[in-house]
Amino acid sequence: MRLAGTARRRAAVVGAGAMGSMAAWQLAERGLEVHAFDRWGVPHHRGASGGQSRRFAVISMADPDLPPLVLRAERLWRRLEEATGRRLLEQTGGLILGPAGSTSVRQAVSSCETWGLAHRILDPHEVRRRFPQHAVDDGDIAVHDSATGFLRPEPAILAAIEQAATLGATVRHDTEVLAIDVRSGTVGLTYRTGADRPRSETFDAVVLAPGAWAATLLPDGLREAIGVAGLTARRLAQTWFVPDDLSLYGAERFPVFERVAMPDGASIYGFPTLDGATVKIGVKSRPHPELADPARPDPHLSADHLAEIRDVVGRCLPRLNPRPVQTSVHVESYTGDGRPVVGLLPGAAHVAVAVGFSGGGFKYAPAIGEALGDLLADGVTEARIRQFAPGRSAMV
419 MRLAGTARRR AAVVGAGAMG SMAAWQLAER GLEVHAFDRW GVPHHRGASG GQSRRFAVIS
479 MADPDLPPLV LRAERLWRRL EEATGRRLLE QTGGLILGPA GSTSVRQAVS SCETWGLAHR
539 ILDPHEVRRR FPQHAVDDGD IAVHDSATGF LRPEPAILAA IEQAATLGAT VRHDTEVLAI
599 DVRSGTVGLT YRTGADRPRS ETFDAVVLAP GAWAATLLPD GLREAIGVAG LTARRLAQTW
659 FVPDDLSLYG AERFPVFERV AMPDGASIYG FPTLDGATVK IGVKSRPHPE LADPARPDPH
719 LSADHLAEIR DVVGRCLPRL NPRPVQTSVH VESYTGDGRP VVGLLPGAAH VAVAVGFSGG
779 GFKYAPAIGE ALGDLLADGV TEARIRQFAP GRSAMV
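Under our numbering, the first residue of the sequence shown is numbered 419, with each subsequent residue one higher.
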């Protein structure tokens, strides 16, 4: 859709990962002249969106206002699939496992009831019968729904940036933004492609979506304007395991799951086999470590960390060999309150921000891109993102 009066406006998108690629697509669809900059190219393995799969779930255990945004994203995922011919979202059904009285499980049930999400509560006997891959205690239950599934992150980002390019966007691969100068009504960017000399260019609007690089790229004035303390880059690890019987781990028998409120504070999530050989499991047994330089995360997991992962996987999923056969490391930006920063910069209606998704934003990335497109084209959006507003620490 090309909006009157916006065709000649020039918009830069800094960072073409999950949020930036979706914003580039949506801005190009609205008729803006879009220039997307990414230091590593699109797609790449260095950011938060690598590793074969990302969980898609409408149910929310943390933010009661999130389901409408995810439902909006679901429609956009399907539209992007139709436009590009790529399969991006597989809805396998899902499980949330944990003690019946735990806060996380109760909030999951409340989320379903509040938003009218179809679900079933399974007692431990039914979980053992239907999903013998999981070891559950007598006090555990499962919330089972049919809408949960997984996204393919690398093809998804590529699909969005391809669609943006089809609509006229310019994609600046391997181009590092060196400086951002927010002025009254315009934004200046200084950037360098490969070994070329730095160049400067002026744009009418900008989307700042640099992922983990937000902590080091954004100048102090912008960080202060965002107004959320504790914006940091952190390292996340993903691991793959070999099952004793692969037939138990296809999507029809082993839906996407998340196990919460374990007695030792650990949590675990996982996916059906996608490669026909291994099963991807994510284990959080310790806080994700902060990174001084997100471009240089340590790619290795320590012996102690691997031992913790083996212990959790051995207890929760006893039919997997608990020694991972593959690991990958990714970087993400986190905020102090765990909520992302999305919206227009206070006092600068030509500057939109999308950072700090704290490991949980991929599922609703198209809805964020749509909201940013709305805001920069029209100044308003119907998307429910007020709780993510820049400067919200000062809001009453």
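Just so you know, even glycine gets a beta-carbon here, dropped at the ideal spot from N, CA and C. All values derive from a computational prediction rather than experimental measurement.
Classification of residue i by the beta-carbon crowding that lies within 10 angstroms, buried from 16 upward
i	result
Asp716	exposed
Ser720	exposed
His552	buried
Ser543	Note on identity: in this sequence residue 543 is His, with Ser being the wrong assignment. Under this definition His543 is an exposed residue.
Arg615	exposed
Thr532	exposed
Arg617	exposed
Ala807	buried
Gly519	exposed
Gly557	exposed
Ala442	buried
Ala613	exposed
Val432	buried
His718	exposed
Arg818	Beyond the ends of the chain as shown, which are 419 and 814, falls residue 818; an answer cannot be given.
Val460	buried
Asp792	buried
Gly586	exposed
Ala480	exposed
Ala655	buried
Arg448	buried
Arg505	exposed
Nearest residue (CA-CA) to residue i, options the options
i	options	result
Lys702	Ala583, Arg497 and Leu724	Leu724
Val600	Arg570, Pro637, Glu594 and Phe568	Pro637
Ser602	Asp541, Phe621, Phe775 and Val730	Phe621
Asp722	Leu506, Arg704, Ser471 and Pro628	Arg704
Glu788	Leu498, Gly469, Arg505 and His463	Leu498
Asp711	Arg448, Trp443 and Arg464	Arg464
Gly516	Ala526, Glu508, Gln509 and Leu507	Ala526
Ala446	Ala767, Thr588 and Pro486	Thr588
Arg653	Gly512, Gly777, Arg496 and Ala434	Gly777
Leu664	Leu489, Pro690 and Ala630	Pro690
Val773	Glu800, Val674 and Pro628	Pro628
Val743	Ala441, Ala695 and Tyr782	Ala695
Asp456	Val595, Leu709 and Gly765	Val595
Thr611	Ala623, Arg590 and Val625	Arg590
Arg757	Ala501, Pro461, Pro740 and Thr650	Thr650
Met437	Gly779, Leu794 and Asp792	Gly779
Ile699	Arg547, Ala713, Tyr782 and Asn739	Asn739
Ile514	Thr502, Leu507, Arg505 and Val545	Val545
Ile686	Pro573, Tyr752, Leu635 and Trp658	Trp658
Arg548	Leu569, Trp458, Gly512 and Tyr782	Gly512
As assigned by DSSP and simplified to three states, the class of residue i
i	result
Pro808	coil
Val545	helix
Ser439	helix
Arg671	coil
Thr532	helix
Gly774	coil
Gln509	coil
His768	strand
Ala643	helix
Ser522	helix
Ala587	coil
Val460	coil
Asp796	helix
Asp706	The question names Asp, but residue 706 in the sequence shown is His. His706 falls in the coil class under three-state DSSP.
Arg428	strand
Gly761	strand
Leu790	helix
Ala633	helix
Ala480	coil
His723	helix
Strand pairing of residue i, partner residues [DSSP]
i	result
Tyr752	Thr650
Lys781	In DSSP, Lys781 forms no bridge with anything.
Asp555	The partner list for Asp555 (beta bridge, DSSP) is empty, contrary to what the question assumes.
Pro661	Leu738
Gln470	None; Gln470 has no bridge partner.
Ser746	Gln656
Phe568	Arg473 and Glu508
Leu540	Ala560
Ser618	Thr608
Ile699	Thr657 and Gly688
Asp599	Gly606
Ile514	Val561 and Glu676
Thr593	Thr611
Any C-beta of chain B under 8 Å from that of residue i
i	result
Asp682	No chain B appears in this structure, which consists of one protein chain only.
Q. Are three or more beta carbon pairs between the segment 728-748 and the segment 632-652 nearer than 8 Å?
A. no
Q: Could you tell me whether the segment 442-453 touches the segment 473-480, where touching means 3 or more Cβ pairs closer than 8 Å?
A: no
Q) Using 8 Å as the threshold, is the segment 571-582 in touch with the segment 481-490, meaning 3 or more CB pairs across them? A) no
Q) Are at least three pairs of beta-carbons, each pair with one atom in the segment 535-550 and one in the segment 491-508, less than 8 Å apart? A) no
Q: Pair every Cβ in the segment 760-775 with every Cβ in the segment 732-742, then say whether three or more of these pairs are closer than 8 Å.
A: no
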